[in-house]
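First the structure, in the form of structure tokens, and then the observations on it.
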Amino acid sequence: MTSIDMPTESAIREVRVWDPLVRIFHWSLVALFLIAYLSGDEASQLHLWSGYGVLALVGVRVLWGLVGTRHARFGNFVRGPATIARYLKELLLARPRRYLGHNPLGGAMIVLMLATLGATAASGVALQQIHNGGGAVASAALALRALAPAPLAAAHADDDDDDDDEAEWLEELHEFLAQLMVVLVLLHVAGVAVGSAMHRENLIRAMFTGRKPV
Ligand code: HEM
Ligand code: HEM
0 MTSIDMPTES AIREVRVWDP LVRIFHWSLV ALFLIAYLSG DEASQLHLWS GYGVLALVGV
60 RVLWGLVGTR HARFGNFVRG PATIARYLKE LLLARPRRYL GHNPLGGAMI VLMLATLGAT
120 AASGVALQQI HNGGGAVASA ALALRALAPA PLAAAHADDD DDDDDEAEWL EELHEFLAQL
180 MVVLVLLHVA GVAVGSAMHR ENLIRAMFTG RKPV
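Residue numbers (numbering that gives the first Met the number 0): 0 to 213.
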């Protein structure tokens, strides 16, 4: 009997979950984020372009979250606090229910990561604009600073030169967001490991192949 007559077992028991866009997005994002993070010491072309790359990927993913395939859409994995809390409780009892797509906690983390990545890149663009004499993104960032709680807005306000102070503040913000992102990524990878262990499935493999066991 040939393999054409007999479908392999994996073909019978696996379903397509992650479409190619989600998978290419994910691993390109990992690479570009790492490059941007590691090249942040100076505003090199490598840093600026990898940063723009991250921004573009986040933009595409947000659009895909609205119009993409079933498991890629925000409606499929962004849940309210009650559902997230219930999932967390089940997780602590080591009996989390299985979701074929992202689980509610993973979904919340994805929203947090996309927002933080967007804010990191936007603050980088604002910083670059200040270095070049100003621009729309820099003006928007500084307008937000005016609305920020006093201690946050006052960071570096001791500087006598206003331009230096603004650049310093943006640099501080940009670096803070980049470091926050590292914390989120570590939590994300830990979450993937815990989820894989609890459900006895390899979630990382699924992000490469797109398929998960039924
Ligand atoms: C810079 C580092 C990383 C970032 C910014 C990141 C970000 C993300 C995002 C945004 C998603 C949602 C995917 C989507 O629906 O489009 C995701 C999912 C996922 N990521 Fe990452 N990731 C990072 C590193 C990693 C690493 C190192 C691994 C593996 C060890 C990993 C494994 C996964 C897996 C397995 C999923 C799917 C989770 C599920 O089954 O619900 N990620 N990641
Ligand atoms: C999500 C993507 C990005 C990450 C993770 C990232 C990360 C970093 C980090 C860690 C630093 C060093 C901060 C410090 O030690 O003070 C830095 C600096 C900087 N980044 Fe980014 N960045 C990103 C995107 C961007 C973008 C899109 C731009 C501008 C187009 C940008 C412009 C800059 C500039 C101008 C600096 C200051 C470099 C200097 O010291 O002269 N970044 N970035």
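For glycine and all other residues, C-beta sits at the position ideal for the given N, C-alpha and C.
query                                                                                                                                                  : result
So which of D161, T115, L126 has the shortest CA-CA distance to L47?                                                                                   : L126
Compute the Euclidean distance between the alpha carbons of M197 and D163, then round it to the nearest angstrom.                                      : 51 angstroms
P212 by DSSP, collapsed to three states: which one?                                                                                                    : strand
Give the range of the beta strand (DSSP E) segment to which V14 is assigned.                                                                           : 13 to 15
What residue does the alpha helix (DSSP H) around S122 start on, and which one ends it?                                                                : 103 to 130
Taking the Cβ atom as the reference point for each residue, do A120 and V53 lie within a distance shorter than 9 angstroms?                            : yes
State yes or no: is the C-beta of G58 within less than 9 angstroms of the C-beta of V77?                                                               : no
Check whether the Cβ atoms of L113 and L104 sit closer than 9 angstroms, and answer yes or no.                                                         : no
Is it buried or exposed, F207, if we count other Cβ atoms within 10 angstroms and call 16 or more buried?                                              : exposed
Assuming S195 and L185 form a contact by the criterion Cβ under 8 angstroms, report the distance between their Cβ atoms to the nearest whole angstrom. : About 16 angstroms; that fails the 8 angstroms criterion.
Can you determine whether any heavy atom of ligand 1 sits closer than 8 angstroms to the C-beta of F32, and answer yes or no?                          : yes
Taking a contact to mean a Cβ-Cβ separation below 9 angstroms, would you say R72 touches L28 in this structure?                                        : no
Which residues bound the alpha helix (DSSP H) around D163?                                                                                             : 161 to 198
State the DSSP-derived secondary structure class of T68, mapped to helix, strand or coil.                                                              : coil
Can you say whether V16 is buried or exposed, counting buried as having 16 or more other CB atoms within 10 angstroms of its CB?                       : buried
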